[in-house]
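Heads up, the thing below is written out as structure tokens.
2 protein chains.
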Amino acid sequence: MDVFEAVAEPHRRHLITLLAERERTAGELVDSLPSLTQPAVSRHLRVLRETGLVEVRPDGQRRIYALKPEGLQRIDDWITPYRRFWRTHLDALRQHLESE
Amino acid sequence: MDVFEAVAEPHRRHLITLLAERERTAGELVDSLPSLTQPAVSRHLRVLRETGLVEVRPDGQRRIYALKPEGLQRIDDWITPYRRFWRTHLDALRQHLESE
DNA sequence: GGCGTATATACGCGCAAGGTTATGCGTTAG
DNA sequence: CTAACGCATAACCTTGCGCGTATATACGCC
Chain G
1 MDVFEAVAEP HRRHLITLLA ERERTAGELV DSLPSLTQPA VSRHLRVLRE
51 TGLVEVRPDG QRRIYALKPE GLQRIDDWIT PYRRFWRTHL DALRQHLESE
Chain P
1001 MDVFEAVAEP HRRHLITLLA ERERTAGELV DSLPSLTQPA VSRHLRVLRE
1051 TGLVEVRPDG QRRIYALKPE GLQRIDDWIT PYRRFWRTHL DALRQHLESE
């Protein structure tokens, strides 16, 4: 699975958001997604691991997950060429508004 | 389907890339993806339409597709908060290299 | 009108993704 | 030492996606 597919799943985006605030244990993440069971969250975390979006560090019995945001850079790299499109659109709109 | 899922499909990313260069008819796009049949491409274009990533304009018998890059902005908006993470990482790396 | 071309839709299929329940395995607590 | 905890994996089920084939629809031309 590649980064685009990994991020396409809403629960996984949620996990990324949570880990952007701070590191969390697997258990904390499970508690943060009450609509899912523990194995479901565990599997999402595996996907995020395998796509290089998070990293794990054992802490005794627990596992501490941390964001590796460099993975998202691959998406950003792909979008970058298109960014100028809507930027110029917005610029044109702004100019239009200012000219009135 | 949302924008993230739309863009998760490699063929659809390819279509977006092609339409970023210039507008194209459906037939041109079909020819540009030789590994897919005409109906397959047509359905991908439907997804891109329904997620607001492209727009269509009839030209007699043909249909001209054009990119609506604003749709990608929703992805960009989501990524924006994370961008500072790898930026600071890269800055740190650059500083490290320069200090040698 | 009738026929070829351009594009979209219908239908059926295979497969992988995501979910749950059950279970394994290492670690901590008592 | 053993029972409970924390987490991952296994096995299974269901659903939705992406594909191809076949068919419909719309337009352009003679």
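Chains as they are written, first to last, in this note's numbering: chain G, 1 to 100; chain P, 1001 to 1100.
Just so you know, even glycine gets a beta-carbon here, dropped at the ideal spot from N, CA and C.
Note that the coordinates shown come from a computational prediction; the quantities given were computed from them, not determined experimentally.
Go ahead and label residue 22(G) buried or exposed: buried means 16 or more other beta carbons lie within 10 angstroms of its beta carbon, across all protein chains shown.
Taking the first residue of the first sequence as 1, we reach residue 22(G) at position 22. Exposed is the call here.
Should the segment 6 to 13 of chain G be regarded as contacting the segment 33 to 47 of chain G, the criterion being three or more beta carbon pairs within less than 8 Å?
In short, these stretches touch, since the Cβ pair count reaches three.
Report the residue from 1078(P), 1015(P), 1084(P) whose alpha carbon sits nearest the alpha carbon of residue 1068(P).
As a working note, residue 1068(P) is residue 68 in the second sequence. Answer by Cα proximity: 1015(P).
Could you tell me the alpha carbon to alpha carbon distance between residue 62(G) and residue 2(G), rounded to whole angstroms?
Mapped onto the first sequence, residue 62(G) falls at position 62. Mapped onto the first sequence, residue 2(G) falls at position 2. Roughly 27 Å between the two C-alpha positions.
May I ask you to list, following chain order, the residues of the segment 1048 to 1079 of chain P that have a beta carbon less than 8 Å from some beta carbon of chain G?
Residues passing the 8 Å Cβ filter: 1067, 1069, 1070, 1072, 1073, 1075, 1076, 1078, 1079.
What in chain G is Cβ-close to residue 1083(P), meaning under 9 Å?
As a working note, residue 1083(P) is residue 83 in the second sequence. Correct list: 69, 72, 73, 76.
Should residue 71(G) be labelled buried (16 or more other beta-carbon atoms within 10 Å of its own) or exposed?
As a working note, residue 71(G) is residue 71 in the first sequence. Classification for residue 71(G): buried.
Which residue wins for smallest C-alpha separation from residue 1033(P), given the options 1065(P), 1012(P), 1083(P), 1052(P)?
The residue you call residue 1033(P) lines up with position 33 of the second sequence. Ranking 1065(P), 1012(P), 1083(P), 1052(P) by Cα distance to residue 1033(P) puts 1012(P) first.
Can you look up residue 1002(P) in the DSSP assignment and give me helix, strand or coil?
As a position in the second sequence, residue 1002(P) is number 2, starting the count at 1. In the structure shown, residue 1002(P) sits in coil (DSSP, three-state: anything other than H, G, I, E or B).
Beta-carbon of residue 26(G) versus every beta-carbon of chain P: anything under 7 Å?
The sequence position of residue 26(G) within the first sequence is 26, counting from 1. Not an interface residue.
Since I believe residue 73(G) is in contact with residue 1086(P) (beta carbons under 8 Å), could you give me their beta-carbon distance rounded to a whole number of angstroms?
Here residue 1086(P) corresponds to residue number 86 of the second sequence, with the count starting at 1. Here residue 73(G) corresponds to residue number 73 of the first sequence, with the count starting at 1. Indeed, because the Cβ distance is near 5 Å, the residues count as touching under 8 Å.
Per DSSP, residue 1056(P) forms a beta bridge with which residues?
Translated into the one-based positions of the second sequence, residue 1056(P) becomes position 56. 1065(P), per the DSSP bridge assignment.
I think residue 1083(P) touches residue 76(G), with their Cβ atoms under 8 Å apart; what is that distance to the nearest whole Å?
In the second sequence, counting from the first residue as 1, residue 1083(P) sits at position 83. In the first sequence, counting from the first residue as 1, residue 76(G) sits at position 76. Right, the Cβ-Cβ distance comes to about 6 Å (below 8 Å), so this counts as a contact.
Mapping the DSSP letters down to three states, classify residue 37(G) as helix, strand or coil.
Looking up residue 37(G) in the first sequence gives position 37. Three-state DSSP puts residue 37(G) in coil, outside helix and strand.
If we ignore side chains and look at the alpha-carbon of each, how far apart do residue 56(G) and residue 1035(P) end up?
To locate residue 56(G), count along the first sequence from 1; it is residue 56. To locate residue 1035(P), count along the second sequence from 1; it is residue 35. Residue 56(G) and residue 1035(P): Cα-Cα distance of roughly 39 Å.
Terminal residues of the continuous alpha helix (DSSP H) containing residue 1028(P)?
On the second sequence, position 28 is the one that residue 1028(P) refers to. Note, residue 1028(P): alpha helix (DSSP H), 1026 to 1032.
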